[in-house]
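Heads up: the structure comes next, in structure tokens.
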Amino acid sequence: MNPITLTIIYFTIIMGPIITMLSSNLFTMWVGLEMNLLALIPLMMNKSNPRSMEAATKYFLTQATASMILLMSIIMNFKQLGLWTFQPETKDIIMTTTFISLTIKLGLAPFHSWLPEVTQGIKPNVGLILLTWQKVAPLTVLFQYYELMNPKILIMSAITSVLIGAWNGLNQTQTRKIMAYSSIAHMGWMISILPYNPTLTTLNLLIYILMTTPMFMIFHTHSFTSISSMSLMWNKMPMALPMMSLILLSTGGLPPLTGFLPKWAIITELLKNNNIILSTLMAMTALINLFFYTRLIYSTSLTTFPTNNNSKMFIHHHTKTNNMLSPLMITSTMLLPLSPLLL
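The sequence shown begins at 877 in the numbering used here and counts up by one.
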């Protein structure tokens, strides 16, 4: 792709969520979300093949539907109050349709089925943007207006997302689909705590981005698309094995790694608010998540798949590395001692 075109696309992707974050006008927020949506599609179709075209089409249709519902809610609110912001007087049906549109944009259950399919059809570096930066703008809108939404609907969506993210991730063999279901589960954790302590939602999002980025960097650098392709990792890049194992365990929320911090804080906050059943359910589904991350570790580092002798010499060839991997690895696994400062 032309470097100037690529620069404009990345600039638009960066500016979209920033416009949404800085705006208090609903229409300007909607414009920021649209910029974000339209700029990602050319990246998805950069190296055109049937799978990426299908992924881009699915992405466009679902996001355009969500944008239409959101714009409808904004216009209904303007018709009711004559204002471009939601107020406590805004009707419940308007806030519910707004939440539905943001749920579709975030890939939360029950509107989650597009996310794994789209992530599977695109390159890992675009998948990283889809699962991290693209979540910022809709979460910003939720963060501003969560008090006006029905907390029961938020909690129901959170429970469903956590359960679906855990169960559907169990039978996947494709790495990008596993990360997509992991994203659905993490979004569920973020939404579950939003009515009680929105600061923890922000903390969870930041830590989720820190853990997902190095994983996708490894997938992109070495073209690991499935569990079977990762089984050759021991002779391509042996040092990446312990690094990736730690990042996966951290993503699963195993103490004493960074990923344990948001889960610990969220469960503590839910128990303070007498949500015993919800916190128990979420702790149990976290174990299911941890199981499929452990399965990934088992197939990559604890088993040696049958290979011919020539493939055992890959380590002597020049292997690609990423300079950002080491600092990201440290932040995604060793931030737990900073928990008193972060909380």
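For glycine and all other residues, C-beta sits at the position ideal for the given N, C-alpha and C.
Being a predicted model, the structure only gives us computed values, none of them experimental.
What residues match up with Ser1102 in a beta bridge as DSSP calls it?
-> Sequence index remark: in the sequence shown, residue 1102 carries index 226 (1-based). According to DSSP, which records beta bridges pairwise, Ser1102 is partnered with Gln1050.
Closest to Lys1053 by CA distance: which of Ala931, Leu957, Met877 is it?
-> Taking the sequence shown and counting its residues from 1, one reaches residue 1053 at position 177. For Lys1053, the closest alpha carbon among the candidates Ala931, Leu957, Met877 is that of Ala931.
Where does Leu1157 fall in DSSP's three states?
-> One-based indexing of the sequence shown puts residue 1157 at position 281. Here Leu1157 sits in helix by DSSP.
For the alpha helix (DSSP H) that Pro1000 lies in, which residues bound it at each end?
-> As a first step, residue 1000 is located in the sequence shown; it is residue number 124 there, counting from the start. DSSP places Pro1000 in the uninterrupted alpha helix (DSSP H) bounded by 1000-1007.
Leaving out five residues before and five after Ala1056 in sequence, what residues of the same chain have Cβ atoms less than 6 Å from its Cβ?
-> Position 180 of the sequence shown holds residue 1056. Leu991, Pro992, Thr995, listed in sequence order.
Count the other C-beta atoms from every protein chain shown that fall within 10 angstroms of the C-beta of Thr881, then say buried if there are 16 or more, exposed otherwise.
-> Your numbering for residue 881 matches position 5 in the sequence shown. With fewer than 16 Cβ atoms within 10 Å of its Cβ, Thr881 is classed as exposed.
Count the other CB atoms, across all protein chains shown, that sit within 10 Å of the CB of Pro1216; report buried if there are 16 or more and exposed otherwise.
-> The count along the sequence shown starts at 1 and reaches residue 1216 at position 340. Result: exposed.
Counting only runs of 4+ residues fully inside the region 1079-1141, write out the alpha helix (DSSP H) ranges in chain order.
-> For secondary structure counted as the alpha helix (DSSP H) over 4 or more consecutive residues, the region 1079-1141 holds these complete runs in sequence order: 1103-1106, 1109-1112, 1116-1127.
Under the three-state DSSP convention, the category Phe887 falls into = Indexing the sequence shown from 1 puts residue 887 at position 11. In the structure shown, Phe887 sits in a helix (DSSP, three-state: H, G or I).
Cβ shell of Pro986 (< 7 Å), same chain only, five flanking positions each side left out | Reading the sequence shown from its first residue, position 110 is the one you call residue 986. Contacts found: Thr1036.
Contacts around Gly1045, its chain only, beta-carbon distance under 6 Å, and the 5 residues preceding and following it disregarded = Walking along the sequence shown from the start, residue 1045 turns up at place 169. Within the same chain, Gly1045 has close Cβ partners Ile1054, Tyr1057, Phe1168.
Out of curiosity, what's the CA-to-CA distance linking Ala1116 and Met1025?
-> The sequence position of residue 1116 within the sequence shown is 240, counting from 1. The sequence position of residue 1025 within the sequence shown is 149, counting from 1. Using only the alpha carbons, I get a separation of about 44 Å.
Of the listed residues Leu1154, Ser1175, Gly908, nearest to Ser1033 (C-alpha basis) | Locating residue 1033 in the sequence shown gives position 157, counting from the first residue. Of the candidates Leu1154, Ser1175, Gly908, the one whose C-alpha sits nearest the C-alpha of Ser1033 is Leu1154.
What's the gap between the Cα of Thr979 and the Cα of Tyr1084?
-> By one-based count along the sequence shown, residue 979 stands at place 103. By one-based count along the sequence shown, residue 1084 stands at place 208. For Thr979 and Tyr1084, the distance between alpha carbons rounds to 18 Å.
Excluding sequence positions up to five away, which residues of its chain have a Cβ less than 6 Å from the Cβ of Leu1211?
-> Here residue 1211 corresponds to residue number 335 of the sequence shown, with the count starting at 1. If we look at Leu1211 and ignore the five residues flanking it on each side, its Cβ neighbours are Thr1134.
Straight-line gap, Asn1001 to His1096 (C-alpha atoms, nearest Å) | As a first step, residue 1001 is located in the sequence shown; it is residue number 125 there, counting from the start. As a first step, residue 1096 is located in the sequence shown; it is residue number 220 there, counting from the start. Between Asn1001 and His1096, the C-alpha separation is close to 6 Å.
Put Met1205 into one of helix, strand or coil per three-state DSSP.
-> Taking the first residue of the sequence shown as 1, we reach residue 1205 at position 329. Met1205: helix per DSSP, three-state reduction.
Which residue's Cα is closest to the Cα of Thr1049: Leu1157, Thr1101, Leu1007, Leu1130?
-> Position 173 of the sequence shown, counted from the first residue, corresponds to residue 1049. Nearest option by C-alpha distance: Thr1101.
What three-state label does DSSP hand Gln963 in the structure shown?
-> If you number the sequence shown from 1, residue 963 lands on position 87. In the structure shown, Gln963 sits in coil (DSSP, three-state: anything other than H, G, I, E or B).
Taking Met971 as the reference, give the member of Val1017, Ser1175, Ser1099 with the closest Cα.
-> Position 95 of the sequence shown, counted from the start, is the residue given in the question as residue 971. Checked all of Val1017, Ser1175, Ser1099; the closest Cα to Met971 is Val1017.
Per-residue DSSP class, three states only, for Thr1077 | The residue you call residue 1077 lines up with position 201 of the sequence shown. In the structure shown, Thr1077 adopts helical secondary structure according to DSSP, grouped into three states.
Buried or exposed: Tyr1174, going by 16 or more other Cβ atoms within 10 Å of its Cβ?
-> Against the sequence shown, residue 1174 aligns to sequence position 298. Here Tyr1174 is exposed. Its C-beta has fewer than 16 other C-beta atoms within 10 Å.
Exposed or buried, which one is Met1063 when buried takes at least 16 other CB atoms within 10 Å?
-> Locating residue 1063 in the sequence shown gives position 187, counting from the first residue. By the 10 Å Cβ count, Met1063 comes out buried.
Can you give me the Cβ contacts of Leu1004 inside the same chain, cut-off strictly under 6 Å, excluding the 5 residues immediately before and after it?
-> Translated into the one-based positions of the sequence shown, residue 1004 becomes position 128. Closer than 6 Å at Cβ, skipping near neighbours: Phe1092.
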